[in-house]
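Under our numbering, think of the first position of the sequence shown as 286, with each following residue one higher.
For every residue, glycine included, the Cβ atom is placed at its ideal position computed from N, Cα and C.
These figures come from a predicted structure and were not determined experimentally.
Okay, so here's the structure we're looking at.
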Amino acid sequence: MALDPDRDYPLGSRRADLVTTPGGIPLRELDLYAPEVTTGELRATPETLRLQAAVAVAAGRPELAANLLRAAELAPLPDETVLEIYAALRPRRSSSAELEAWADRLEGWGAPLVARFVREAGEVYARRGLLAA
Numbered sequence: 286m287a288l289d290p291d292r293d294y295p296l297g298s299r300r301a302d303l304v305t306t307p308g309g310i311p312l313r314e315l316d317l318y319a320p321e322v323t324t325g326e327l328r329a330t331p332e333t334l335r336l337q338a339a340v341a342v343a344a345g346r347p348e349l350a351a352n353l354l355r356a357a358e359l360a361p362l363p364d365e366t367v368l369e370i371y372a373a374l375r376p377r378r379s380s381s382a383e384l385e386a387w388a389d390r391l392e393g394w395g396a397p398l399v400a401r402f403v404r405e406a407g408e409v410y411a412r413r414g415l416l417a418a
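What follows is the structure in structure tokens.
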């Protein structure tokens, strides 16, 4: 059965069948004390984040949905990479060329929404004088 965002929220209690860990453990079978459950298994999956985005759209929260879709693109990336991107986006930390390089990498990793966000940030930083010298 497909997701009905109006009826199926919160997913964890109403549609747990749609939620799995990154390793594929269904939410209803998740045992936090099982030896195979590492901290990596407790992360949101891209699929779950996309479902949450559908719920946000149905609730009239398009900005939240856009954030969740970007998060879905970032979810498969290593934590260190996400932190590097975060640091690069801080004001006066990156040049226009450095932000463009991040956007190109993100596109190569299958993250076009985040790449667009980084490019938009670069444009805004350029207008506001917030790029690195």
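CB-CB length for residue i against residue j, believed under 8 Å
i: Thr-305; j: Thr-330; result: 6 Å
i: Leu-315; j: Arg-300; result: In fact, because the Cβ distance is near 15 Å, the residues do not count as touching under 8 Å.
i: Ala-373; j: Ser-381; result: Contact doesn't hold; Cβ gap of about 12 Å is too wide.
Between the CA atoms of residue j and residue i - distance to the nearest angstrom
i: Asp-291; j: Arg-335; result: 15 Å
i: Asp-389; j: Glu-405; result: 13 Å
i: Leu-416; j: Tyr-371; result: 14 Å
i: Pro-307; j: Arg-328; result: 7 Å
i: Gly-309; j: Ala-341; result: 24 Å
i: Glu-321; j: Leu-384; result: 38 Å
i: Leu-349; j: Glu-408; result: 22 Å
i: Leu-317; j: Thr-324; result: 9 Å
i: Pro-376; j: Tyr-410; result: 7 Å
Limits of the alpha helix (DSSP H) - the one that residue i falls within
i: Ser-298; result: 296-299
i: Ala-400; result: 397-413
i: Ala-382; result: 381-393
Residue i CB to nearest heavy atom of the ligand PLP below 7 Å
i: Arg-328; result: Annotation note on the ligand PLP: not contained in the displayed structure, which lists no ligands.
**Prompt:** At which residue ranges does the stretch 337-378 contain complete beta strand (DSSP E) runs of 3 or more residues, listed in the order of the chain?
**Reply:** none
**Prompt:** Is the stretch 352-365 touching the stretch 389-399 in the sense that three or more CB pairs, one from each, lie closer than 8 Å?
**Reply:** yes
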